[in-house]
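*Asks:* Per the working numbering, the sequence shown runs over residues 11 to 133. My structure is below; once you've seen it, I'll send some questions.
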Amino acid sequence: MPKKILIVDDSSTALMMETMILSSTGYELVTASDGHQAIEKARSESPDLVLMDVVMPNKSGFEACREIRGDARTSHIPVILVTTRGEEESVEAGFTSGCNDYITKPVNAQELVLLVKSYLDDK
């Protein structure tokens, strides 16, 4: 069974870019377009990792991350926030909301693949 990644972004371009970058890794990829969908899919799909934007309609990545952390069914899933918001307050808010890692856009393809592999590949 391949490991599963939930990619969450309200930008179809960003979703496409991250999907293209990760499509060659052999992981199963599932997408969502806002924080509310992210929570639903985290529960229904049980991904091994969540890559999530911060600035989204309906629920921000920070809010969705807090909900994922607060639910016993999803609290164990690593969450990496992927966002244009690189200022210190946003990074701090990300870790306060429970994310495991935080990277800024535009994403470096090689960096993203290495980061994902660091969470998903058996050591």
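The beta carbon of each residue, even a glycine, is placed where N, CA and C say it ideally should be. Please read these numbers as outputs of a predicted model, since none were measured by experiment.
Mapping the DSSP letters down to three states, classify residue 129 as helix, strand or coil.
*Replies:* Residue 129 sits at position 119 when you count from the first residue of the sequence shown. Here residue 129 sits in helix by DSSP.
*Asks:* Tell me the rounded alpha-carbon separation between residue 131 and residue 47.
*Replies:* Reading the sequence shown from its first residue, position 121 is the one you call residue 131. Reading the sequence shown from its first residue, position 37 is the one you call residue 47. In this structure, the CA atom of residue 131 is about 26 Å from the CA atom of residue 47.
*Asks:* Check whether the Cβ atoms of residue 87 and residue 119 lie closer than 8 Å to each other.
*Replies:* For this step, residue 87 is matched to residue 77 along the sequence shown. For this step, residue 119 is matched to residue 109 along the sequence shown. Not a contact, by the Cβ cut-off of 8 Å.
*Asks:* If we count the other Cβ atoms within 10 Å of its Cβ and call it buried at 16 or more, is residue 107 buried or exposed?
*Replies:* Position 97 of the sequence shown, counted from the start, is the residue given in the question as residue 107. The residue in question, residue 107, is buried, as its Cβ has 16 or more Cβ neighbours within 10 Å.
*Asks:* Using the rule of at least 16 other Cβ atoms within 10 Å of the residue's Cβ for burial, across every protein chain shown, is residue 76 buried or exposed?
*Replies:* Numbered from 1 along the sequence shown, position 66 holds the residue referred to as residue 76. Result: buried.
*Asks:* In angstroms, rounded to a whole number, what distance separates the CA positions of residue 146 and residue 45?
*Replies:* No answer is possible for residue 146: the residues shown for the chain start at 11 and end at 133.
*Asks:* Where does the unbroken alpha helix (DSSP H) through residue 51 begin, and where does it stop?
*Replies:* On the sequence shown, position 41 is the one that residue 51 refers to. Taken as a continuous stretch (DSSP letters only), the alpha helix (DSSP H) holding residue 51 covers 45-55.
*Asks:* Could you compute how far the alpha carbon of residue 133 sits from the alpha carbon of residue 125?
*Replies:* Translated into positions along the sequence shown, residue 133 becomes position 123. Translated into positions along the sequence shown, residue 125 becomes position 115. Note that residue 133 has pLDDT 44, beneath the 50 cutoff, so the model's placement of it is unreliable and the number below is only indicative. Their backbone Cα atoms lie some 13 Å apart in a straight line.
*Asks:* Can you tell me the Cα-Cα spacing of residue 31 and residue 55, whole angstroms?
*Replies:* Here the question's residue 31 lines up with position 21 in the sequence shown. Here the question's residue 55 lines up with position 45 in the sequence shown. So the two alpha carbons sit approximately 21 Å from each other.
*Asks:* How many angstroms separate the CA atom of residue 67 from the CA atom of residue 91?
*Replies:* In the sequence shown, counting from the first residue as 1, residue 67 sits at position 57. In the sequence shown, counting from the first residue as 1, residue 91 sits at position 81. Looking at the two C-alpha atoms, the distance is approximately 16 Å.
*Asks:* Would you check if the distance between the CB atom of residue 89 and the CB atom of residue 109 is smaller than 8 Å?
*Replies:* The count along the sequence shown starts at 1 and reaches residue 89 at position 79. The count along the sequence shown starts at 1 and reaches residue 109 at position 99. Contact flag set, yes.
*Asks:* Going by other Cβ atoms of all chains shown within 10 Å of its Cβ, with 16 needed for buried, is residue 104 buried or exposed?
*Replies:* Residue 104 sits at position 94 when you count from the first residue of the sequence shown. Result: buried.
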